[in-house]
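Undergrad:
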DNA sequence: GTATATAGGATCAATCAAGTCCGATTAATC
DNA sequence: GATTAATCGGACTTGATTGATCCTATATAC
């Protein structure tokens with residue numbers, strides 16, 4: 147599973163919104179410029195985030211995006227899966243019907259384990275924590291638990 | 147990082163070779179038929195495995211492929227990386243120059259951690275163990291340590 | 001020398017990623 | 001209410017990648 151650009155942009159956008167939550171609605175253009183995201187493309191990404199219930203979109207003048215999920219409850223996993231779909235590492239696990247071989251299952255177990263680990267790692271990281279670490283600056287990082 | 151078909155075929159091929167190691171050189175056609183791999187495509191995959199020093203290829207009549215790495219020492223990681231290249235989950239980690247943003251590093255740490263976990267899981271699985279589990283049949287699996 | 005079998009380069013169709021364009025729509029403001 | 005600001009959302013483009021297949025060259029057993 148590869149994190150696409152769209153997924154990366156989604157994380158950046160939400161990071162910005164998390165760090166400026168007190169300001170409410172923030173324009174797409176501001177976010178795009180601050181976080182180096184093509185503005186039009188951000189529009190696409192934002193639509194998906196809105197459909198997933200992560201942000202709210204306000205159209206018209208003074209419109210923009212607003213976080214409607216608490217950053218403490220927003221995990222990287224939900225962000226990535228809202229954009230790129232469910233994480234899977236190979237076709238056979240995602241679509242069992244694409245692989246009718248019965249005896250590769252020992253291999254599948256390994257991939258299943260790897261997938262679970264990956265999802266748990268992403269599920270264990272909240273936007274709130276990322277925003278906090280960003281605010282502290284890059285010099286003072288901690289790898290976290 | 148997505149396991150490609152080529153990677154899946156490589157694993158199947160090596161699994162077959164591991165389970166029939168005593169027979170030495172085995173023809174491409176036999177492997178292809180037994181493991182449901184397009185024969186021509188297996189040729190491409192085999193070339194990469196040979197370049198990585200995992201198998202030896204014998205041309206000509208009675209030619210075929212032979213395992214030259216001990217299955218006990220052959221890990222899923224080395225197989226996958228021989229075929230699909232080094233595992234990475236996003237561009238920014240693979241090519242740091244593609245992302246000159248300084249303050250996404252807290253995010254990068256998470257991806258780095260996930261990547262390391264994934265590689266360790268794959269590195270902890272040998273072809274020997276997979277072959278053994280295959281031999282025992284699917285009904286009697288154990289998730290492993 | 002002939003039959004057998006892989007090597008390796010070229011090619012191809014399908015899919016996907018990443019992004020752009022543009023008319024439609026919505027909302028604030030004068 | 002007209003204007004202006006801003007996003008929506010579908011169509012489109014471009015480039016890369018995947019998953020093959022075809023064909024000629026080459027190597028080997030017999």
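Chains as they are written, first to last, in the working numbering: chain L, 147 to 291; chain Z, 147 to 291.
Note that beta-carbon positions come from the ideal geometry of N, C-alpha and C, so glycine has one too.
Here the structure is a predicted model, which is why all the values come from computation and not from measurement.
1) Is the Cβ of residue 175/L closer than 8 Å to any Cβ of chain Z?
2) What are the boundary residues of the beta strand (DSSP E) that residue 213/Z is part of?
3) Within this structure, are the beta carbons of residue 153/Z and residue 226/Z separated by less than 8 Å?
4) So residue 260/Z contacts chain L; which residues on that side make the cut at Cβ distance below 7 Å?
5) Nearest by alpha-carbon distance to residue 280/Z: which of 217/L, 256/L, 163/L and 205/L is it?
6) Tell me, to the nearest whole angstrom, how far the beta carbon of residue 233/L is from that of residue 264/L; I am working on the premise that it is less than 8 Å.
7) Using the Cα positions of residue 169/L and residue 212/L, report the straight-line distance between them to the nearest angstrom.
8) Looking only at its chain, what residues have a beta carbon closer than 6 Å to the beta carbon of residue 173/L, apart from the 5 residues adjacent to it on each side?
9) Establish whether the CB of residue 221/Z and some CB of chain L are separated by less than 8 Å.
10) To the nearest whole angstrom, what separates the beta carbons of residue 217/Z and residue 272/Z, a pair I think is in contact under 8 Å?
11) Let me check understanding here. Comparing Cα to Cα, which of 178/Z, 267/Z and 163/Z lies closest to residue 189/Z?
12) I need the boundaries of the beta strand (DSSP E) containing residue 204/L, first residue and last residue.
13) How far does the alpha helix (DSSP H) with residue 160/Z in it extend, from its first residue to its last?
14) Rounded to whole angstroms, what's the CA-CA distance from residue 289/L to residue 267/Z? Just pull it up for me.
15) Going by the beta-carbon positions, is the gap between residue 276/Z and residue 161/Z smaller than 8 Å?
16) Terminal residues of the continuous alpha helix (DSSP H) containing residue 196/Z?
17) Assuming residue 202/Z and residue 191/Z make a contact with CB atoms under 8 Å, what is their CB distance in whole Å?
18) With DSSP as the reference, identify every bridge partner of residue 172/Z, one or two as the case may be.
19) Within its chain, find whatever has a CB closer than 7 Å to the CB of residue 260/Z; leave out the 5 residues flanking it on each side and keep chain order.
20) So residue 269/L and residue 223/L are supposed to be a Cβ contact under 8 Å. How far apart are they, rounded?
21) Between which two residues does the alpha helix (DSSP H) carrying residue 229/Z extend?
22) Listing by chain order, which chain Z residues have their CB less than 7 Å from the CB of residue 157/L?
23) Going by the DSSP bridge assignment, what does residue 267/Z pair with across the sheet?
TA: Taking the definition as stated:
1) Taking the first chain and counting its residues from 1, the one referred to as residue 175/L is at position 29. No, because no Cβ of chain Z sits closer than 8 Å to the Cβ of residue 175/L.
2) The residue you call residue 213/Z lines up with position 67 of the second chain. 210-213 is the extent of the beta strand (DSSP E) around residue 213/Z.
3) Within the second chain, the letter at position 7 stands for residue 153/Z. Within the second chain, the letter at position 80 stands for residue 226/Z. Remark: C-beta atoms of residue 153/Z and residue 226/Z approach each other more closely than 8 Å.
4) Locating residue 260/Z in the second chain gives position 114, where the first residue counts as 1. Result: 264, 267 and 268.
5) Start at 1 with the first residue of the second chain, and residue 280/Z comes out as number 134. For residue 280/Z, the nearest C-alpha among the options comes from 256/L.
6) For this step, residue 233/L is matched to residue 87 along the first chain. For this step, residue 264/L is matched to residue 118 along the first chain. Confirmed, Cβ separation roughly 6 Å.
7) Position 23 of the first chain holds residue 169/L. Position 66 of the first chain holds residue 212/L. Here the alpha carbon of residue 169/L sits roughly 9 Å from the alpha carbon of residue 212/L.
8) To locate residue 173/L, count along the first chain from 1; it is residue 27. Same-chain partners within the cutoff: 210.
9) Position 75 of the second chain, counting from 1, holds the residue named residue 221/Z. Not flagged as an interface residue toward chain L: residue 221/Z, since no C-beta distance is shorter than 8 Å.
10) Residue mapping note: residue 217/Z aligns to position 71 of the second chain, counting from 1. Residue mapping note: residue 272/Z aligns to position 126 of the second chain, counting from 1. Between residue 217/Z and residue 272/Z, the beta carbon gap of about 6 Å places them in contact (Cβ cut-off 8 Å).
11) Along the second chain, read from residue 1 onward, the residue named residue 189/Z stands at position 43. Of 178/Z, 267/Z and 163/Z, the residue nearest in Cα terms is 178/Z.
12) On the first chain, residue 204/L is found 58 positions in, with the first residue counted as 1. Looking at the DSSP string, the run of the beta strand (DSSP E) that includes residue 204/L is 201-204.
13) The count along the second chain starts at 1 and reaches residue 160/Z at position 14. Residue 160/Z -> alpha helix (DSSP H) spans 151-165.
14) As a position in the first chain, residue 289/L is number 143, starting the count at 1. As a position in the second chain, residue 267/Z is number 121, starting the count at 1. Any reading at residue 289/L must be qualified, since the residue scores a pLDDT of 43, below 50, and its modelled position is unreliable; no value is offered.
15) In the second chain, residue 276/Z corresponds to position 130, counting from 1. In the second chain, residue 161/Z corresponds to position 15, counting from 1. Between residue 276/Z and residue 161/Z, the gap from beta carbon to beta carbon is short of 8 Å.
16) Here residue 196/Z corresponds to residue number 50 of the second chain, with the count starting at 1. Counting along the chain, residue 196/Z sits inside the alpha helix (DSSP H) bounded by residues 185-197.
17) Here residue 202/Z refers to the residue found at position 56 when the second chain is read from its first residue. Here residue 191/Z refers to the residue found at position 45 when the second chain is read from its first residue. Taking 8 Å as the upper bound for CB-CB distance, residue 202/Z and residue 191/Z are not in contact here, some 15 Å apart.
18) The sequence position of residue 172/Z within the second chain is 26, counting from 1. Within the DSSP secondary-structure output, residue 172/Z pairs in a beta bridge with 211/Z.
19) Counted from its first residue, the second chain places residue 260/Z at position 114. If you ignore the 5 residues before and after residue 260/Z, its C-beta comes within less than 7 Å of the C-beta of 235, all in its own chain and listed in chain order.
20) Here residue 269/L is taken as the residue at index 123 of the first chain, counted from 1. Here residue 223/L is taken as the residue at index 77 of the first chain, counted from 1. Going by Cβ atoms, the distance from residue 269/L to residue 223/L rounds to 4 Å, so yes, they are a contact pair.
21) The residue you call residue 229/Z lines up with position 83 of the second chain. Note, residue 229/Z: alpha helix (DSSP H), 222-230.
22) As a first step, residue 157/L must be located in the first chain, where it is residue number 11. Within 7 Å of the CB of residue 157/L, the CB atoms of chain Z belong to 253, in sequence order along the chain.
23) Stepping through the second chain from its first residue, residue 267/Z is reached at position 121. Paired residues: none, contrary to the question.
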